Amino acid sequence: MKKTSARQDANETSLTEDLYRELEALKIRIAFAEIHEAEWNSASPNQQLSDEGKRRVLKAIDKRLRRRKYVHFAKTTLPKAGRIAAAVLSVFFIGLTAAVASVRSVRVSVLNFIMGIEEAYTELGVGGEMRDVPSEWQGECYPTYIPEGFTLDYVDPIFAEAQYANSSGQRIIFKEYELSEYTNFDTEDSSVSTIAIQGAEALISEKDGRVSIIWATDDHYLLLRCDTPRETAIQIAESVTNVK
Amino acid sequence: MTNLFWDYQALMYRTAYRITREHQSAEDLVQETCMSLIDHLDVVKRLDSNRLRSYIASVTRNLSINYVVKRKRRSRYSFLTDDPDVLNSKADDEEVDSGLIREAEIETLKTALQALSEKERLLLELKYGDEKSNAEIARIFAIKADSVRSYLTKARRHLQEKINEENKRTAGRQ
Numbered sequence: 238m239k240k241t242s243a244r245q246d247a248n249e250t251s252l253t254e255d256l257y258r259e260l261e262a263l264k265i266r267i268a269f270a271e272i273h274e275a276e277w278n279s280a281s282p283n284q285q286l287s288d289e290g291k292r293r294v295l296k297a298i299d300k301r302l303r304r305r306k307y308v309h310f311a312k313t314t315l316p317k318a319g320r321i322a323a324a325v326l327s328v329f330f331i332g333l334t335a336a337v338a339s340v341r342s343v344r345v346s347v348l349n350f351i352m353g354i355e356e357a358y359t360e361l362g363v364g365g366e367m368r369d370v371p372s373e374w375q376g377e378c379y380p381t382y383i384p385e386g387f388t389l390d391y392v393d394p395i396f397a398e399a400q401y402a403n404s405s406g407q408r409i410i411f412k413e414y415e416l417s418e419y420t421n422f423d424t425e426d427s428s429v430s431t432i433a434i435q436g437a438e439a440l441i442s443e444k445d446g447r448v449s450i451i452w453a454t455d456d457h458y459l460l461l462r463c464d465t466p467r468e469t470a471i472q473i474a475e476s477v478t479n480v481k
Numbered sequence: 020m021t022n023l024f025w026d027y028q029a030l031m032y033r034t035a036y037r038i039t040r041e042h043q044s045a046e047d048l049v050q051e052t053c054m055s056l057i058d059h060l061d062v063v064k065r066l067d068s069n070r071l072r073s074y075i076a077s078v079t080r081n082l083s084i085n086y087v088v089k090r091k092r093r094s095r096y097s098f099l100t101d102d103p104d105v106l107n108s109k110a111d112d113e114e115v116d117s118g119l120i121r122e123a124e125i126e127t128l129k130t131a132l133q134a135l136s137e138k139e140r141l142l143l144e145l146k147y148g149d150e151k152s153n154a155e156i157a158r159i160f161a162i163k164a165d166s167v168r169s170y171l172t173k174a175r176r177h178l179q180e181k182i183n184e185e186n187k188r189t190a191g192r193q
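If you read the sequences in order, they're chains A and B.
Going left to right, the first sequence walks through residues 238 to 481 as the working numbering numbers them.
Going left to right, the second sequence walks through residues 20 to 193 as the working numbering numbers them.
Here you go:
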């Protein structure tokens with residue numbers, strides 16, 4: 238009996254010691270948490286990155302996020318439905334860069350030709366406004382046509398993104414990417430086809446009421462996402478103009 | 020992620036600067052922290068705002084210490100070596116009476132922690148604040164786990180002394 242009792246005592250002491258150790262660790266942890274809280278609340282505005290530092294980090298963040306998106310695109314979307322479409326775009330892009338003549342002049346000529354023979358198409362849409370380019374916009378291109386009811390909601394000058402919204406919460410998003418970068422163009426469970434936008438071959442995807450169009454210019458990929466009918470989205474894409 | 024950067028860039032910078040004491044290095048480390056957060060977005064997304072702040076501070080701290088160690092600026096952390104005198108000393112967890120720390124008021128503990136040397140505070144911060152194991156701390160400082168144990172014991176002993184001082188000061192005022 239004595240031995241059992243002594244063993245029980247030893248176990249309880251050991252358990253108590255473990256609990257005291259945990260208590261001590263917890264108290265130190267609480268103390269550090271409160272110290273950090275006080276430091277966080279009392280920091281001066283000077284204790285942060287320089288403007289140049291912020292710009293550099295934001296650029297690095299964008300690059301890393303795009304790389305993640307490309308990896309995700311290559312692993313998930315591409316195997317499903319995008320291989321052919323991507324090949325079409327790639328072939329188109331290779332052909333574009335291999336052109337000897339001025340690509341811009343070729344594209345404009347083709348655009349004029351297309352606009353000439355598809356005049357009826359330009360009359361589509363529910364009416365809209367010719368919009369000015371926002372002063373913060375740093376990209377090369379911008380849509381000059383935005384449907385009525387949509388107002389400018391957001392412009393990111395660093396990442397060349399503009400967003401319009403209407404009172405129903407529908408959005409129009411326009412983004413410009415460097416040619417060396419990729420974007421997540423979701424074609425999973427969506428209807429995908431190719432169309433011509435300003436003489437360039439473009440991918441158009443429709444899913445859950447959202448229309449996405451992606452196409453390449455001389456220097457950029459342009460991405461348009463619209464909560465609008467297909468024809469309206471095409472009209473917006475066709476209005477994209479070089480603004481630099 | 021951009022919003023996260025704007026919300027926490029000051030915290031990342033201050034944490035990195037506290038350890039490196041160099042403006043340019045602190046900025047580089049903020050960038051490195053952001054890259055690490057992007058690579059662990061699945062973890063970041065699961066955290067509420069309070070834990071997220073601690074997580075970000077912890078990542079910045081680890082990267083900053085790694086940076087300082089790799090750049091061989093050991094003078095700032097000269098005691099964090101595999102010093103045979105420390106290893107051979109009778110620093111043993113069981114020999115340190117935990118009673119004072121355990122019974123101390125949180126306010127007293129805070130004052131005592133802030134009175135420690137920066138190196139010892141950093142060690143205790145990693146151990147108790149970030150809940151790093153001795154092995155992880157050893158990897159961060161590029162020393163042996165045994166050395167970490169000895170240095171932690173020394174730090175806790177100093178913490179006890181600071182608590183004692185603070186208790187006497189408080190008692191003297193009453």
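Glycine residues also receive a C-beta, built at the ideal position from the N, C-alpha and C atoms.
Quantities reported herein were computed from a predicted structural model and do not represent experimental measurements.
Three-way DSSP call (helix, strand, coil) for residue i in this model
| i | result |
| --- | --- |
| B:Asp149 | coil |
| B:Thr21 | helix |
| A:Cys463 | strand |
| A:Leu440 | strand |
| A:Leu389 | strand |
| B:Ser169 | helix |
| A:Glu377 | coil |
| B:Ile182 | helix |
| B:Glu161 | Just to set this straight, residue 161 of chain B is Ala in the shown sequence, not Glu. Three-state DSSP puts B:Ala161 in coil, outside helix and strand. |
| B:Arg176 | helix |
| A:Ala287 | The sequence shown places Ser at residue 287 of chain A, rather than the Ala named in the question. Of the three classes helix, strand and coil, the one that applies to A:Ser287 here is coil, per DSSP. |
| A:Val429 | strand |
| A:Arg408 | strand |
| A:Val477 | strand |
| A:Asp255 | helix |
Residue range of the unbroken alpha helix (DSSP H) whose run includes residue i
| i | result |
| --- | --- |
| B:Lys42 | Note on identity: in this sequence residue 42 of chain B is His, with Lys being the wrong assignment. Counting along the chain, the alpha helix (DSSP H) containing B:His42 begins and ends at 42-58. |
| B:Glu122 | 118-122 |
| B:Leu71 | 68-89 |
| A:Glu398 | Premise fails: A:Glu398 lies in the beta strand (DSSP E), 398-402, not in any alpha helix (DSSP H). |
| B:Arg140 | 137-143 |
Neighbour-count burial assignment, residue i, 16 or more Cβ in a 10 Å radius
| i | result |
| --- | --- |
| A:Phe350 | In this prediction, A:Phe350 has a pLDDT of 38, which is less than 50 and means its spatial position is unreliable; nothing more can be read from the coordinates. |
| B:Arg271 | Coverage of chain B is limited to positions 20 through 193, which leaves residue 271 of chain B absent and any answer about it impossible. |
| A:Gln375 | exposed |
| A:Ser428 | exposed |
| A:Thr465 | buried |
| A:Tyr391 | exposed |
| B:Asp112 | In this predicted model, B:Asp112 has a pLDDT of only 46, less than 50, meaning its place in the structure is not dependable; the value taken from the coordinates is given anyway. With fewer than 16 other Cβ atoms within 10 Å, it is exposed. |
| A:Val477 | buried |
| A:Ser430 | exposed |
| A:Ala399 | buried |
| B:Glu144 | buried |
| A:Gln285 | buried |
| B:Thr39 | buried |
| A:Lys412 | buried |
| B:Ser169 | buried |
| B:Lys181 | buried |
| B:Thr189 | exposed |
| B:Ser166 | buried |
| B:Arg140 | buried |
Cβ-Cβ separation, residue j to residue i (assumed contact under 8 Å), whole Å
| i | j | result |
| --- | --- | --- |
| B:Glu46 | A:Gly290 | 4 Å |
| A:Ala268 | B:Ile156 | That pair is no contact at about 19 Å. |
| B:Lys129 | A:Glu271 | 6 Å |
| A:Ala297 | B:Met54 | 7 Å |
| B:Ile75 | B:Met31 | 6 Å |
| A:Ile265 | B:Tyr147 | 4 Å |
| B:Leu178 | B:Leu142 | Actually they are not in contact, since the Cβ atoms of B:Leu178 and B:Leu142 sit about 10 Å apart, beyond 8 Å. |
Span of the beta strand (DSSP E), counted from its first residue to its last, around residue i
| i | result |
| --- | --- |
| B:Ile125 | Unbroken run through B:Ile125 is the alpha helix (DSSP H), 125-134; no beta strand (DSSP E). |
| A:Arg447 | 447-453 |
| A:Pro371 | That residue, A:Pro371, is in no beta strand (DSSP E); it is neither H nor E in DSSP. |
Near the ligand NAD: residue i beta-carbon under 7 Å from a heavy atom
| i | result |
| --- | --- |
| B:Leu82 | No copy of the ligand NAD occurs in the structure displayed, which carries no ligand at all. |
| field | Selection of the region 372-402 of chain A by Cβ proximity to chain B, strictly under 7 Å | value | Within the region 372-402 of chain A, no residue has its Cβ closer than 7 Å to any Cβ of chain B.
| request: Scan the region 53-68 of chain B for residues whose Cβ lies nearer than 7 Å to a Cβ of chain A and list them as they occur along the chain. | output: Residues Cys53, Met54, Ile57.
| Residues, ordered as in the chain, of the region 256-274 of chain A that lie near chain B by beta-carbon distance below 8 Å | From the region 256-274 of chain A, only Tyr257, Arg258, Leu260, Glu261, Ala262, Lys264, Ile265, Arg266, Ile267, Ala268, Phe269, Ala270, Glu271, Ile272, His273 have a Cβ closer than 8 Å to chain B.
| query | If you measure beta-carbon to beta-carbon, which residues of the region 124-140 of chain B are closer than 8 Å to chain A? | reply | The residues in question are Ile125, Leu128, Lys129, Leu132, Gln133.
| Looking at chain A, which residues of the region 23-36 of chain B have a Cβ within less than 8 Å of any of its Cβ atoms? | Those residues of the region 23-36 of chain B placed with their C-beta closer than 8 Å to a C-beta in chain A are Phe24, Gln28, Ala29, Leu30, Tyr32, Arg33, Tyr36, ordered along the chain.
| query | If you measure beta-carbon to beta-carbon, which residues of the region 437-466 of chain A are closer than 8 Å to chain B? | reply | Contacts with chain B (Cβ-Cβ distance below 8 Å) from the region 437-466 of chain A involve no residue at all.
| task | Taking a Cβ distance cut-off of 7 Å, strictly less, list which residues of the region 146-158 of chain B are near chain A, in chain order. | result | Residues Tyr147, Gly148.
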